[in-house]
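Asker: Sharing a structure with you now.
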Amino acid sequence: MISKNYSYLTKISNFILSLILTVASIGLWSIATLNFTPLYKMSIKTFDITSATSLSEGQLMTNYKVLIKYLQSPFIHKLKFPDFIMSAGGETHFVDVKNIFIYLHIITWSTAIIFVLLLIFKKKYLTKEIFNIFNHTFYILSVFSISILILVLNNFDKTFENFHKLFFSNDLWLFDPNTDPVINALPENFFMICGITIIALTLIQVIIFKIIYHRHKKLLRTSKTTIFH
Numbered sequence: 002m003i004s005k006n007y008s009y010l011t012k013i014s015n016f017i018l019s020l021i022l023t024v025a026s027i028g029l030w031s032i033a034t035l036n037f038t039p040l041y042k043m044s045i046k047t048f049d050i051t052s053a054t055s056l057s058e059g060q061l062m063t064n065y066k067v068l069i070k071y072l073q074s075p076f077i078h079k080l081k082f083p084d085f086i087m088s089a090g091g092e093t094h095f096v097d098v099k100n101i102f103i104y105l106h107i108i109t110w111s112t113a114i115i116f117v118l119l120l121i122f123k124k125k126y127l128t129k130e131i132f133n134i135f136n137h138t139f140y141i142l143s144v145f146s147i148s149i150l151i152l153v154l155n156n157f158d159k160t161f162e163n164f165h166k167l168f169f170s171n172d173l174w175l176f177d178p179n180t181d182p183v184i185n186a187l188p189e190n191f192f193m194i195c196g197i198t199i200i201a202l203t204l205i206q207v208i209i210f211k212i213i214y215h216r217h218k219k220l221l222r223t224s225k226t227t228i229f230h
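Read left to right, the sequence shown gives residues 2 to 230 (this note's numbering).
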């Protein structure tokens with residue numbers, strides 16, 4: 002009976018730890034993608050953003066860096082683009098986006114720290130179960146990533162719209178290029194590239210987790226065979 006209870010508790014613990022690792026992973030790749038400025042630089046050329054804004058590549062990069070710094074810093078309270086005017090509605094929307102990214106940072110680093118602390122203080126348990134946790138995380142992240150990828154590839158416009166309806170309680174994200182010309186520097190295709198990048202990084206991670214899990218199982222089988230022989 003004790004053995005069964007232990008097994009049940011172990012499965013629950015592994016699932017919870019897998020969820021913690023899942024949240025930390027999604028948050029980490031989202032933050033990494035936002036801060037990977039070469040992705041925006043590539044988008045400037047791919048989507049000809051210089052023509053849409055009448056700004057140089059250098060000016061666009063400067064404005065993008067101002068934006069991502071504002072979105073992630075709790076100490077910057079006002080967004081001021083060097084080359085774009087903003088309406089009151091546009092400014093409010095960026096405040097909403099900033100709040101999301103601040104919470105994203107808090108959740109990501111909190112879950113990452115929790116996982117690291119558990120690795121330190123529950124080393125004996127996690128040394129034994131870490132591979133099962135990797136395996137559970139593989140399935141959770143795979144289902145999540147592939148589901149989002151299907152939605153993005155099937156109808157990105159609808160997915161993009163639903164995303165905004167889910168995270169924002171207003172329609173201020175519907176920018177007017179005349180009052181908020183920054184929208185011309187942030188085309189939907191750029192956000193699609195960001196989304197696909199996050200999914201790709203997540204899928205690479207889960208594939209690595211699965212390879213580690215299978216190698217561990219193979220080593221266990223090999224060691225058992227050696228003992229019996």
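Ideal Cβ placement from N, Cα and C applies to all residues, glycine included. All values derive from a computational prediction rather than experimental measurement.
Count the other C-beta atoms from every protein chain shown that fall within 10 angstroms of the C-beta of Ser148, then say buried if there are 16 or more, exposed otherwise.
Answerer: Per the 10 Å Cβ criterion, exposed.
Asker: With a CB to CB cut of under 7 Å and the five nearest residues on each side skipped, what residues in its chain are close to Phe164?
Answerer: Closer than 7 Å at the Cβ level, and outside the excluded window around Phe164, lies no residue.
Asker: Taking a contact to mean a Cβ-Cβ separation below 8 Å, would you say Thr109 touches Ala25 in this structure?
Answerer: It is a contact, given that the beta carbons lie within the stated cut-off.
Asker: Along the chain, where does the alpha helix (DSSP H) containing Ala163 start, and where does it finish?
Answerer: Here the sequence assigns Asn to residue 163, which means Ala is not the residue at that position. From DSSP, the alpha helix (DSSP H) with Asn163 extends over 157-168.
Asker: For Phe85 versus Pro182, is the C-beta distance shorter than 8 Å?
Answerer: Cβ distance < 8 Å, so Phe85 and Pro182 count as in contact.
Asker: Whose C-alpha, out of Lys79, Asp97, Pro39, is nearest the C-alpha of Lys166?
Answerer: Comparing Cα-Cα distances from Lys166 to each of Lys79, Asp97, Pro39, the minimum goes to Asp97.
Asker: Please report the straight-line C-alpha distance between Asn156 and Phe191, rounded to a whole angstrom.
Answerer: Looking at the two C-alpha atoms, the distance is approximately 15 Å.
Asker: So does the region 131-146 actually touch the region 10-26, counting three or more Cβ pairs closer than 8 Å?
Answerer: Counting Cβ pairs under 8 Å, three or more are found: they touch.
Asker: Which parts of the region 15-75 are runs of the alpha helix (DSSP H), unbroken and 4 residues or longer, counting only runs that do not cross its ends?
Answerer: Within the region 15-75, the complete alpha helix (DSSP H) runs of at least 4 residues are 38-47, 50-54, 58-73.
Asker: Nearest to Thr54 by alpha carbon, out of His215, Ala186, Leu120, Thr198?
Answerer: The shortest C-alpha separation from Thr54 is found at Ala186.
Asker: In this structure, does DSSP put Ser111 in helix, strand or coil?
Answerer: Helix.
Asker: Within 10 Å of its beta-carbon, does Lys99 have 16 or more other beta-carbons around it, so buried, or fewer, so exposed?
Answerer: Its Cβ being crowded by 16 or more others within 10 Å, Lys99 is buried.
Asker: So, with DSSP's three-state summary, where would you put Asn171?
Answerer: In this structure, Asn171 counts as coil in the three-state DSSP scheme.
Asker: In whole angstroms, give me the CA-to-CA distance for Thr180 and Lys81.
Answerer: Cα-Cα distance, rounded: 14 Å.
Asker: How is Thr11 classed by DSSP in three states: helix, strand or coil?
Answerer: DSSP places Thr11 in helix when its eight states are reduced to three.
Asker: Give me the Cα-Cα distance between Phe229 and Leu220, rounded to the nearest whole angstrom.
Answerer: Any answer about Phe229 is weak, because its pLDDT of 48 lies below 50 and its placement is not dependable; what the coordinates show is given next. The straight-line gap from Cα to Cα measures roughly 14 Å.
Asker: Can you give, in chain order, each stretch of the beta strand (DSSP E) that sits fully within the region 184-223 and has at least 3 residues?
Answerer: As far as the region 184-223 is concerned, it has no whole beta strand (DSSP E) run of at least 3 residues.
Asker: Where does Leu80 sit, in a helix, a strand or coil, going by DSSP?
Answerer: Note: Leu80 maps to coil in three-state DSSP.
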